[in-house]
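Written out below as structure tokens is the structure these notes cover.
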Amino acid sequence: MKSSSIDDSGGSASTAERAANASSTRGDSNPPARFERPRVLVVHLSIGGGHSKAATAVANAVKRVQRRAEVALLDLEDVASPLFRAIYKDAYLSLVKSAPRLWGALYSAGLTVRGSGAVPKWLRPRCVGRLAAVVRAFDPHVVLATAAPVSALLG
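Right, dumping it as structure tokens:
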């Protein structure tokens with residue numbers, strides 16, 4: 000799934016296009032005291048479809064609640080490094096398909112580990128790719144994530 004924004008008419012445009020348009024219409028780098036048109040970035044990871052569907056639902060809910068909001072959807076896979084894709088998508092899907100019980104055990108064990116995060120600190124710089132640049136370009140007031148690796152890479 001490509002990065003896109005939900006616009007006022009329900010259509011979509013690429014996050015890069017929306018970020019360029021948003022920065023050119025703001026005119027300055029200082030955010031207003033009151034947010035007339037809040038920018039919300041919803042980041043997901045297209046593994047199996049669940050995270051992407053959740054992100055779309057969140058983006059649509061934000062638009063219903065705040066009609067003037069500029070809401071952008073971003074698939075982490077589109078901006079992350081090839082290493083990240085290899086580890087978090089390819090390896091994950093392979094493991095889930097070939098050894099679902101092993102994945103279940105690993106997942107359960109991971110839920111009890113505190114403080115390690117979804118992406119180890121030493122691996123983050125090698126995985127972040129263009130994510131930080133895209134976030135800076137869009138300049139969101141808030142970033143919402145539907146997958147743990149997103150929060151780990153932005154944190």
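The sequence shown begins at 0 in numbering that gives the first Met the number 0 and counts up by one. Backbone N, C-alpha and C fix where the C-beta goes; we use that ideal spot for every residue, glycine too.
Residues of its chain near residue i, where Cβ-Cβ distance is below 6 angstroms and the 5 sequence neighbours each way are ignored
i, result
"R129", "V78"
"A147", "A117"
"Y87", "P148"
"V141", "V39"
Contact check, residue i vs residue j, beta carbons under 8 angstroms
i, j, result
"V41", "A58", "yes"
"L44", "V149", "yes"
"C126", "L153", "no"
"L101", "L94", "yes"
"T145", "A54", "yes"
Residue i, DSSP secondary structure in three states
i, result
"E157", "There is simply no residue 157 to check, as the chain begins at 0 and stops at 154 in what is shown."
"V166", "Nothing can be reported for residue 166, as the shown portion of the chain is limited to 0 through 154."
"R135", "helix"
"R38", "strand"
"A151", "helix"
"L122", "coil"
"L75", "helix"
"L82", "helix"
"L44", "coil"
"A98", "coil"
"A146", "coil"
Own chain residues within Cβ distance below 7 angstroms of residue i, not counting five before or after
i, result
"S97", "none"
"L82", "R125, C126"
8 angstroms CB neighbourhood of residue i in its chain, flanking five on each side removed
i, result
"P37", "Q65, R67, A68, E69, H140, V141"
"H50", "H43, L44, T145, A146"
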